[in-house]
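Colleague:
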Amino acid sequence: MGNSLLALLIQKCESHPDYGRYTELFNRLDPSAPPQIELVHRAAPPILNCGKKLGIFSGSFNPLTLAHTRMMEETIVKYQLDELLLLLAKANVDKVVFGLPLAARLLTVKQYAKSRQAFSVGVSSHGRYIDKVAALKSIFPPDTEFHFIVGYDTLVRIFDPKYYTDFHTELRELFVSARFIVANRAEADIKTIASFMAQPEVRQYASYVSSILLPDAYAYMSSTEVRELLACGETIEHLVPPSILSMLDL
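Its first residue numbered 0, the sequence shown is counted upward by one per residue in numbering that gives the first Met the number 0.
1. For the alpha helix (DSSP H) holding isoleucine 189, just list the boundary residues, first then last.
2. So what's phenylalanine 118 in DSSP terms, helix, strand or just coil?
3. So, is proline 62 buried or exposed, given that buried needs 16 or more other C-beta atoms within 10 angstroms?
4. With 16 as the cutoff for other CB atoms within 10 Å, does asparagine 183 come out buried or exposed?
5. Return the bridge partner residues of arginine 178 from the DSSP annotation.
6. Report the residue from His167, Asp188, Arg226 and Thr68 whose alpha carbon sits nearest the alpha carbon of glutamine 110.
7. Does serine 31 pass the burial test, meaning 16 or more other C-beta atoms within 10 Å, or should it be called exposed?
8. Report all residues from its chain with a CB closer than 7 Å to the CB of proline 33; omit the five preceding and five following residues, and keep chain order.
9. Classify arginine 127 as helix, strand or coil using the three-state DSSP reduction.
10. Checking the sheet assignment: what are the DSSP bridge partners for glycine 19?
11. Compare the C-alpha of alanine 218 against each of Leu238, Met246, Tyr204 and Glu200 and name the closest.
12. Under the three-state reduction of DSSP, which class applies to histidine 237: helix, strand or coil?
13. Who are the Cβ neighbours of leucine 80 in its own chain at under 8 Å, not counting the five residues just before and after it?
14. According to DSSP, is alanine 216 part of a helix, a strand, or is it coil?
15. Looking at the unbroken alpha helix (DSSP H) that takes in alanine 66, where does it start and where does it end?
16. Give me the DSSP bridge partner(s) of serine 57.
17. Taking the alpha-carbon positions, what's the threonine 314 to proline 199 distance?
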């Protein structure tokens with residue numbers, strides 16, 4: 000049953016009028032070229048003036064879960080964001096493509112976002128945050144504030160030298176251009192986040208990092224759990240937004 004449900008979701012996506020166009024879009028994105036972001040859905044109204052706040056939630060969304068949606072809903076209110084961009088990267092660092100095809104993930108994310116006025120959806124050619132910032136600057140007005148929404152595991156990766164050509168220079172450039180809003184996860188509470196940012200090698204950037212507190216029910220939730228339940232034929236209604244359930248006719 001689980002495999003058939005996953006297959007059904009993919010089949011529903013593949014039959015959608017936009018699926019072919021989204022597949023071609025991902026094929027066009029070149030991770031070896033300069034960083035590029037293309038928007039497939041815009042907030043109404045979008046950011047048009049300088050000095051506005053853009054939240055960016057870049058994830059694999061394999062699939063989108065209620066933990067993802069709770070993070071976005073909490074952040075957009077707490078930090079008074081003017082627009083929130085859900086961003087799916089063609090090349091995510093340390094993540095190979097499995098589960099839902101990229102075009103299917105993009106469709107499910109757009110299904111969620113299209114009924115939310117302040118939400119936009121886009122795709123990125125690159126996975127590194129420093130590259131995403133470069134691409135975002137070419138799309139949004141000057142002095143737009145970029146606020147990336149991340150989990151603790153992503154925060155740790157941001158400070159890993161292996162993802163940089165020139166670690167200190169690129170890291171300084173990243174934090175000059177963006178701030179990070181970090182959500183607690185099952186393995187990392189708010190104190191863990193604070194302790195990490197207090198380390199000598201990263202504490203100079205602590206003022207650029209803030210947090211949101213997810214209730215335990217959301218902190219322990221993951222896309223991996225959703226895929227495992229599908230494989231076992233178990234219900235996923237308590238883990239994914241109604242927009243995904245509607246695609247499965249559940």
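Virtual Cβ for every residue (Gly too), placed ideally from N, Cα, C.
Modeller: Per the coordinate set shown:
1. Your numbering for residue 189 matches position 190 in the sequence shown. From DSSP, the alpha helix (DSSP H) with isoleucine 189 extends over 189-196.
2. By one-based count along the sequence shown, residue 118 stands at place 119. It is a strand residue.
3. Along the sequence shown, one-based indexing puts residue 62 at 63. With 16 or more other Cβ atoms within 10 Å, it is buried.
4. In the sequence shown, the residue the question calls residue 183 occupies position 184. The residue is buried, with at least 16 neighbouring Cβ atoms inside 10 Å.
5. Looking up residue 178 in the sequence shown gives position 179. DSSP output for arginine 178 lists His146 as bridge partner(s).
6. Along the sequence shown, one-based indexing puts residue 110 at 111. For glutamine 110, the nearest C-alpha among the options comes from Thr68.
7. Taking the sequence shown and counting its residues from 1, the one referred to as residue 31 is at position 32. Label assigned to serine 31: exposed.
8. Residue numbering aside, residue 33 sits at position 34 when the sequence shown is read from its first letter. Excluding positions up to five away in sequence, the list is empty.
9. For the purposes of this step, residue 127 is identified with residue 128 of the sequence shown, where counting begins at 1. Looking at arginine 127 - three-state DSSP - the assignment turns out to be coil, as it is neither helix nor strand.
10. Stepping through the sequence shown from its first residue, residue 19 is reached at position 20. Answer is none; glycine 19 lacks a bridge partner.
11. On the sequence shown, residue 218 is found 219 positions in, with the first residue counted as 1. If we check each option's Cα against that of alanine 218, Leu238 comes out closest.
12. Taking the sequence shown and counting its residues from 1, one reaches residue 237 at position 238. Correct three-state label for histidine 237: coil.
13. Your numbering for residue 80 matches position 81 in the sequence shown. Within the same chain, leucine 80 has close Cβ partners Lys52, Leu53, Gly54, Thr74, Ala117 and His146.
14. One-based indexing of the sequence shown puts residue 216 at position 217. Here alanine 216 sits in helix by DSSP.
15. Within the sequence shown, the letter at position 67 stands for residue 66. Residues 65-77.
16. For the purposes of this step, residue 57 is identified with residue 58 of the sequence shown, where counting begins at 1. Serine 57 is bridged to Leu86.
17. Residue 314 lies beyond the range of the chain shown here (0 to 249); nothing can be said about it.
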